[in-house]
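**Q**
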Amino acid sequence: MNLEELEQIAESVRAENAKFDHEINVCMGTGCLSQHSDKLRDALTKAAEASGKKALVRRTGCMGLCAAGPLVLVDPEEVLYQHVKAENAEAVVASLGGEPVAALQCDLREHFDQQVHIVLENSGHIDPEKIDDYIAHDGYQALVKALTEMSPNEVVQQIVESGLRGRGGGGYPTGLKWSTVAKATGDLKYVICNGDEGDPGAFMDRSVLESDPQRVVEGMAIAAYAVGASKGYVYVRAEYPLAVARLTTCLRDARRRGLLGNSICNTSFNFDVEIRLGAGAFVCGEETALIASIEGKRGTPKPRPPYPAVSGLWERPTLINNVETFANIAPIIRKGGKWFASIGSERSKGTKVFALTGKITNTGLVEVPMGISLRKIIEGIGGGVPDGHKFKAVQTGGPSGGCIPEELLDIGVSYDALVKIGSIMGSGGMIVMDDTSCMVNVARFFIEFCMTESCGKCIPCRAGTAQMFTLLSRFCAGTGTMADLELLEELCITVKEASLCGLGQTAPNPVLSTLKYFRQEYIDHIVHKRCPAGVCNIQAPVEVLA
Amino acid sequence: MPALIPPPLPSDDKRWRIVNGTMRKNGFARHALIETLHTVQSSFGYLDDVAIRFVAKSLRVPLSQAYGVVTFYHYFSLKPPGKHTMTICTGTACYIKGTDKLVASAEKRLGVPQGQTTKDGKISLMTARCVGACGRAPVVLVDGELHGQMAGDEMLEQLERWAVE
């Protein structure tokens, strides 16, 4: 495979598409499929054939607005339809070349115009199960360019220059990680893609793997070339069957096209990827735990150092990056590190995909440049809180993150700014809460999650989260005291500072941030025995007769 | 080390051959433990004593380690599932949209706590930590099929249909 051959494939796909006057893209991600978009696609195909119009009906990945599904995008008119059912198929086809179907039309300019798509540039535009579709959208050009025109060191330099930071949540500079693995000695090195998106309320990785899996594989191959690895693993949650299926197809096709395997592009570079299924353990998102899981063991973390970059999978130097990080690699190599660095804020470059959910009008996936304010994301792109309720808090970073109140919504989204206010960027879950959510109960919910997901290896996390849960449960039941609150705060510090891995170290964040910004709600529960949001079931105190 | 002689299949149930196939594909390597357990669970629906012992022996993994792995990961189940399974997502987005009420009403209707199967073996009530369809919260899996924006009545009707089957 070389650039000319790629261009030929792209050309033939374009020639095939040019035979049609219209393209009807049907979202077939998990969200829309659960509303039978597969039947919708069949109905559209049938209607298009019956009408005699030259219309191509294409299966695509996620278009973002999951709550408005099933979604259909008609090109080149760029008309987006929402809540389309199979019985609407004929109307949609009949409208081609004329006036769009007004009743189904989704006009959310504000939602889309403020977004910048790098990771999601192909989502909703290509068929995720056709490698040639990806190639027609500049796919694999970056890999071929890296292999034939660049040295491994030059590839690492581009990533360093881009300022890309790990998208799994930690925000470690990707270029630095790559150069550490590249410098590590050893004839056998591994590349691992972390798709163990255990963070409840987040689905960016699932969506990327379902909508554009080739992009992730290309990123991994470029990484392998840069660091000198020959074997890769994608670790995906077993709860994502569609992502696993599409990834399997994608790997098979890439091997057939000679983009994985031995002597890729007639160079001495060999690389292949295997899928490993997760089995439902949140802690496996931590890199050393994930490595243990690939080795077939219980997913318990190890103290670092040694870092996986030096001694990882089977004690070999290992590069671990998140799905979204790998999805950024191909565009960086194609357009240059400087281009990427020109987007975003000073210390957080590029874009970030967020899963916007909870009490928000436009739930779904959004990709925004770093530095954009939370208010713009929630009120502009997200459309604000529905049903006349009042915004209360936004939770970022999942169980390791914090709750951010209204008065801080104007800060720009970046790794450092979020840490400063007691939350974290995390993998990209963004859950909006309104006045019907009780913050004490929310804190209890997250601690319960961390308690059940604690692997049990170190005591601060295993016992500490359980005690925190007991205390928070007391508050929710109306039996807590101010002394309990003091104890809880002390415990937060202990768990945060003494735990072995990220799970324990960040588990107190939801409690600490709600204590910081919503302390009055705790006081209401403890002193006044009432839940302002009316969520907690607090019994009126029984009067003891003397 | 003496050459490995794999243990005989536990019975002539054809599904054991599928399990054996996964192990063979991985060269009976110890690190294939989780992969193999996935195959057992997808073939048999759960992992029983016989299966865990067979896999441990075939892969030369200590039984304690195999059992440790099975109990560590939530995805593996040691009990056979009911004829039907209602899985309620309890991820954050679903929680914010009131999934706890769904769990409570299902528990009340079935008379069993989450994670268990009714005495007649008809219905299992499970919870999941986020299935990644947060845009459609609250989400339930009805026999594995994803249903979004689930209302309490709708779920109870489904349970009713199963109960009278």
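The listed protein sequences correspond, in order, to chains R and L. So the first sequence is numbered by this note's numbering: it starts at 1 and just counts up by one. So the second sequence is numbered by this note's numbering: it starts at 1 and just counts up by one. Note that beta-carbon positions come from the ideal geometry of N, C-alpha and C, so glycine has one too.
1) Restricting to runs no shorter than 3 residues, where is the beta strand (DSSP E) found entirely within the stretch 264 to 290 of chain R?
2) Round the Cβ separation of L319 of chain R and A229 of chain R to the nearest angstrom and send it over; I've been treating them as touching at under 8 angstroms.
3) Using only the alpha-carbon positions, how far apart do G299 of chain R and K122 of chain L sit?
4) Does K183 of chain R come out as helix, strand or coil in the three-state DSSP assignment?
5) So which of R:V156, R:G168, R:A223, R:C193 has the shortest CA-CA distance to G175 of chain R?
6) Would DSSP call R165 of chain R helix, strand or coil?
7) Going along chain R, which residues have a C-beta under 7 angstroms from A142 of chain L?
8) Can you check whether the C-beta of R557 of chain R is within less than 9 angstroms of a C-beta belonging to chain L?
9) List the residues that DSSP assigns as beta-bridge partners of M430 of chain R.
10) Determine contact between the stretch 206 to 220 of chain R and the stretch 118 to 136 of chain R, defined as no fewer than three beta-carbon pairs at a distance below 8 angstroms.
11) Run down chain R in chain order and give the residues with a C-beta less than 7 angstroms from the C-beta of L33 of chain L.
12) Have a look at P306 of chain R and N509 of chain R and give me their C-alpha separation to the nearest angstrom.
13) Could you have a look at L188 of chain R and say whether DSSP puts it in helix, strand or coil?
14) By a C-beta neighbour count over all protein chains shown, 10 Å radius and 16 as the cutoff for buried, is P76 of chain R buried or exposed?
15) Given that a residue counts as buried once 16 or more other Cβ atoms are within 10 Å of its Cβ, and exposed if not, what is G64 of chain R?
16) Out of L:F72, L:T36, L:D13, which one is the CA nearest neighbour of R24 of chain L?
17) Using DSSP bridges, identify the partner residues of G364 of chain R.
18) Looking at chain R, is there any beta carbon in it that lies within less than 9 angstroms of the beta carbon of A133 of chain L?
19) Along chain R, which residues have their Cβ under 7 angstroms away from the Cβ of A137 of chain L?
20) Any idea if N441 of chain R is buried or exposed, counting beta-carbon neighbours within 10 angstroms, 16 or more meaning buried?
21) Who pairs with T87 of chain L in a beta bridge, going by DSSP?
22) Flag this pair as yes or no: are the beta carbons of G358 of chain R and A93 of chain L separated by less than 9 angstroms?
23) Taking only beta-carbon positions, decide if K167 of chain L is within less than 9 angstroms of chain R.
24) For K57 of chain L and P138 of chain L, which I take to be in contact (beta-carbon distance under 8 angstroms), what is that distance rounded to the nearest angstrom?
25) Determine whether the Cβ of F449 of chain R lies closer than 9 angstroms to any Cβ atom of chain L.
26) Using a Cβ-Cβ cut-off of 8 angstroms (strictly less than) and excluding sequence neighbours within five positions of A546 of chain R, which residues of its own chain qualify?
27) Could you name the residues of chain L that F445 of chain R contacts, counting a contact when the two beta carbons are closer than 8 angstroms?
28) Starting from the beta carbon of Y73 of chain L, find every residue of chain R whose beta carbon is closer than 7 angstroms, and list them in chain order.
29) According to a CB-to-CB cut-off of less than 9 angstroms, which residues of the stretch 117 to 132 of chain L neighbour chain R?
30) Which whole-angstrom value describes the C-beta separation of L374 of chain R and I192 of chain R, a residue pair presumed to lie in contact below a C-beta threshold of 8 angstroms?
31) Just the C-alpha distance for V103 of chain L and I88 of chain L, rounded to the nearest angstrom, thanks.
32) Exposed or buried, N362 of chain R, counting other C-beta atoms within 10 Å across all chains shown (16 or more means buried)?
33) Going by DSSP, what residue range makes up the alpha helix (DSSP H) through I222 of chain R?
34) Note down, in chain order, every chain L residue with its Cβ under 7 angstroms from the Cβ of I431 of chain R.
35) Kindly indicate the opening and closing residues of the alpha helix (DSSP H) around T22 of chain L.
36) Give me the residue from R:C403, R:Q158, R:A292, R:N270 with the minimum Cα distance to D187 of chain R.
**A** In this structure, then:
1) 272 to 277
2) Residue numbering aside, residue 319 of chain R sits at position 319 when the first sequence is read from its first letter. Residue numbering aside, residue 229 of chain R sits at position 229 when the first sequence is read from its first letter. Contact holds; Cβ gap of about 7 angstroms.
3) Position 299 of the first sequence, counted from the start, is the residue given in the question as residue 299 of chain R. Position 122 of the second sequence, counted from the start, is the residue given in the question as residue 122 of chain L. For G299 of chain R and K122 of chain L, the distance between alpha carbons rounds to 33 angstroms.
4) The residue given as residue 183 of chain R occupies position 183 in the first sequence. Correct three-state label for K183 of chain R: helix.
5) For the purposes of this step, residue 175 of chain R is taken as the residue at position 175 of the first sequence. Measuring from the Cα of G175 of chain R, the nearest candidate turns out to be R:V156.
6) In the first sequence, residue 165 of chain R corresponds to position 165, counting from 1. The answer is strand: DSSP assigns R165 of chain R an E or B state.
7) Within the second sequence, residue 142 of chain L is the residue found at index 142, counting from 1. In the sequence as displayed, the identity of residue 142 of chain L is Val instead of Ala. Those do not exist, as V142 of chain L stays about 10 angstroms from chain R at its closest Cβ, beyond 7 angstroms.
8) Only positions 1 to 546 of chain R appear in this structure, which leaves residue 557 of chain R out of reach.
9) In the first sequence, the residue the question calls residue 430 of chain R occupies position 430. The partner list for M430 of chain R (beta bridge, DSSP) reads R:L356, R:T396.
10) yes
11) What you label residue 33 of chain L is simply residue 33 of the second sequence in a count that begins at 1. Within 7 angstroms Cβ-Cβ: G296.
12) Translated into the one-based positions of the first sequence, residue 306 of chain R becomes position 306. Translated into the one-based positions of the first sequence, residue 509 of chain R becomes position 509. In a straight line, the C-alpha of P306 of chain R is about 27 angstroms away from that of N509 of chain R.
13) Start at 1 with the first residue of the first sequence, and residue 188 of chain R comes out as number 188. Looking at L188 of chain R - three-state DSSP - the assignment turns out to be coil, as it is neither helix nor strand.
14) Here residue 76 of chain R is taken as the residue at index 76 of the first sequence, counted from 1. Exposed, since its Cβ has fewer than 16 Cβ neighbours within 10 Å.
15) On the first sequence, position 64 is the one that residue 64 of chain R refers to. Buried: at least 16 other Cβ atoms inside 10 Å.
16) Residue numbering aside, residue 24 of chain L sits at position 24 when the second sequence is read from its first letter. Among L:F72, L:T36, L:D13, the Cα nearest to that of R24 of chain L belongs to L:T36.
17) Stepping through the first sequence from its first residue, residue 364 of chain R is reached at position 364. Beta-bridge pairing links G364 of chain R to R:L356.
18) Mapped onto the second sequence, residue 133 of chain L falls at position 133. Yes, because at least one Cβ of chain R sits closer than 9 angstroms to the Cβ of A133 of chain L.
19) As a working note, residue 137 of chain L is residue 137 in the second sequence. In chain order: T357.
20) Position 441 of the first sequence, counted from the start, is the residue given in the question as residue 441 of chain R. Result: buried.
21) Within the second sequence, residue 87 of chain L is the residue found at index 87, counting from 1. In the DSSP output, where bridge partners are listed per residue, T87 of chain L has L:M126, L:L141.
22) Here the question's residue 358 of chain R lines up with position 358 in the first sequence. Here the question's residue 93 of chain L lines up with position 93 in the second sequence. Result yes, Cβ atoms of G358 of chain R and A93 of chain L sit closer than 9 angstroms.
23) The question about residue 167 of chain L has no answer here: the residues shown for chain L are numbered 1 through 165.
24) The residue you call residue 57 of chain L lines up with position 57 of the second sequence. The residue you call residue 138 of chain L lines up with position 138 of the second sequence. Actually they do not touch by this definition, with Cβ atoms about 43 angstroms apart.
25) Residue mapping note: residue 449 of chain R aligns to position 449 of the first sequence, counting from 1. It does; some Cβ of chain L falls within 9 angstroms.
26) What you label residue 546 of chain R is simply residue 546 of the first sequence in a count that begins at 1. Confidence in A546 of chain R is poor, its pLDDT being 46 and thus under 50, which makes the residue's placement unreliable; the coordinate value appears in the next sentence. Correct list: empty, nothing qualifies.
27) Numbered from 1 along the first sequence, position 445 holds the residue referred to as residue 445 of chain R. In chain order: T92, Y95.
28) Residue 73 of chain L sits at position 73 when you count from the first residue of the second sequence. By Cβ distance, chain R contributes A279, G280, A281.
29) A128, R129, C130, V131, G132
30) As a working mapping, residue 374 of chain R is identified with position 374 in the first sequence. As a working mapping, residue 192 of chain R is identified with position 192 in the first sequence. In fact, because the Cβ distance is near 32 angstroms, the residues do not count as touching under 8 angstroms.
31) The residue given as residue 103 of chain L occupies position 103 in the second sequence. The residue given as residue 88 of chain L occupies position 88 in the second sequence. About 7 angstroms.
32) The sequence position of residue 362 of chain R within the first sequence is 362, counting from 1. It counts as buried.
33) Within the first sequence, the letter at position 222 stands for residue 222 of chain R. That run of the alpha helix (DSSP H) goes 213 to 227.
34) Position 431 of the first sequence, counted from the start, is the residue given in the question as residue 431 of chain R. The contacting residues are T92, A93, I96.
35) What you label residue 22 of chain L is simply residue 22 of the second sequence in a count that begins at 1. Residues 15 to 25.
36) Locating residue 187 of chain R in the first sequence gives position 187, counting from the first residue. Among R:C403, R:Q158, R:A292, R:N270, the Cα nearest to that of D187 of chain R belongs to R:N270.
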